[in-house]
Every structure is written in structure tokens, then in C-alpha cells.
Amino acid sequence: MIRILDATTPLLPKDKPRYLMGVGTPEDLVDGVARGVDMFDCVMPTRNARNGWLFTRYGDLKIRNSRYRDDLSPIDESCRCPVCAPANYGDDRPPFTRSYLYHLQKVQEILGAHLATLHNLYFYLDLMRQMREAIAAGQFQAWRKGFHQDRSRGL
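Heads up: take any position in the sequence shown, counting from 1, add 2, and you land on this note's numbering.
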């Protein structure tokens, strides 16, 4: 993808939106924006959510892994989505835990896919927001470096 973007993006008009279809890992989005891509579409956040694959700041969490059976932490401590931080939305209940999401995935309860989808879509929207803010502040390259370091750190 990067090789193709490096070859084609300079040929596109700078005053027109640049759309990259079907590319969707968080890393791909960041690297695409770094090369001038403005818009993406991808099924990855929803498809992966249905299969118990959750995106976090520090890498991907596969909630079906038995290590999460008794894990009472939210999906991502730094996430402000309604699943990880319901208090941000006027809800006084605690966050949904990894343990509960593990259970929902194991029994194939539709609520598990719903909550995972909410989280993953929020993660992607927030990722794009962070990139816009970093670009506006003239700090995109530093932000990008930190993003890649965080994601490669692992859970």
C-alpha cells in the first residue's frame, strides 16, 4: 500500500479530496494520512468487532482469549467511548469489563458484537480526530511516531 501511495499521491490534485477504499488497519489510516489521503472506508472496525477483535491504543485485543475471562478492566483504559467510559455520557454504571465482553463473545450474545462495534467505531473516529488536531497543530509527524510506538508496544 505504501509503495503505491508514494507513487500515485503526487500525481493527484492537491485541492481535491483523496479517497482510499478498503484500507483499514489503524496503522494504514495513519500512514495513508501521512501520504495525503483524506478519506477511507473499510469494514474492519465492524467485522473485527463481530469476531471479538478490539482496537486499543496499545495494540489489538482478541477478547476471545481466555486470559480475559477474569479481567475486570475496560477494553482500553485511555478510551473515552460509551463502552469503556460510560460516565462521560452521563451514565453512572461502571465500564463494561473485558471479562464481561469475553463472556458475551463466548456465548455468542449479540450484545457482545454491539458493544465491540461501538468501541471500535469510536476508536476509529477518535483516531481521525487526533490526526486532524495533530495536523492543525503542526505536530503530525511527532504524533505519528508516538502512535506507532504505542501500537507496537502491545497489551
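Heads up, the beta-carbon is just placed ideally off N, CA and C, and yes, glycines get one too. These numbers were taken from a predicted model, which means no experiment stands behind them.
Nearest-angstrom Cα distance between residue i and residue j?
i, j, result
"aspartate 93", "leucine 7", "43 Å"
"leucine 157", "tyrosine 21", "31 Å"
"valine 25", "arginine 37", "14 Å"
"alanine 89", "threonine 11", "42 Å"
"methionine 46", "arginine 155", "21 Å"
"valine 85", "arginine 153", "20 Å"
"arginine 69", "glycine 54", "13 Å"
"isoleucine 112", "arginine 100", "16 Å"
"proline 19", "glycine 34", "13 Å"
Between which two residues does the beta strand (DSSP E) carrying residue i extend?
i, result
"aspartate 33", "That residue, aspartate 33, is in no beta strand (DSSP E); its alpha helix (DSSP H) goes 28 to 36."
"lysine 64", "61 to 64"
"aspartate 43", "41 to 43"
"phenylalanine 57", "55 to 58"
Which residues bound the alpha helix (DSSP H) around residue i?
i, result
"methionine 133", "112 to 138"
For the putative contact between residue i and residue j, defined by C-beta atoms under 8 Å, what is the C-beta separation to the nearest angstrom?
i, j, result
"phenylalanine 125", "phenylalanine 57", "4 Å"
"histidine 150", "glutamate 29", "7 Å"
"tyrosine 104", "arginine 49", "Rounded, the Cβ-Cβ distance is 19 Å, inconsistent with contact."
Whose CA, out of the options, lies closest to the CA of residue i?
i, options, result
"leucine 14", "Glu29, Val32, Asp40 and Pro28", "Asp40"
"arginine 59", "Glu79, Ser68, Thr48 and Arg71", "Glu79"
"leucine 74", "Gly54, Thr48, Tyr102 and Gly114", "Tyr102"
Given 6 Å as the limit, tell me if residue i has its C-beta closer than that to any heavy atom belonging to the ligand SAM.
i, result
"threonine 99", "Questions concerning the ligand SAM fall outside what the structure shown contains, since it holds no ligand whatsoever."
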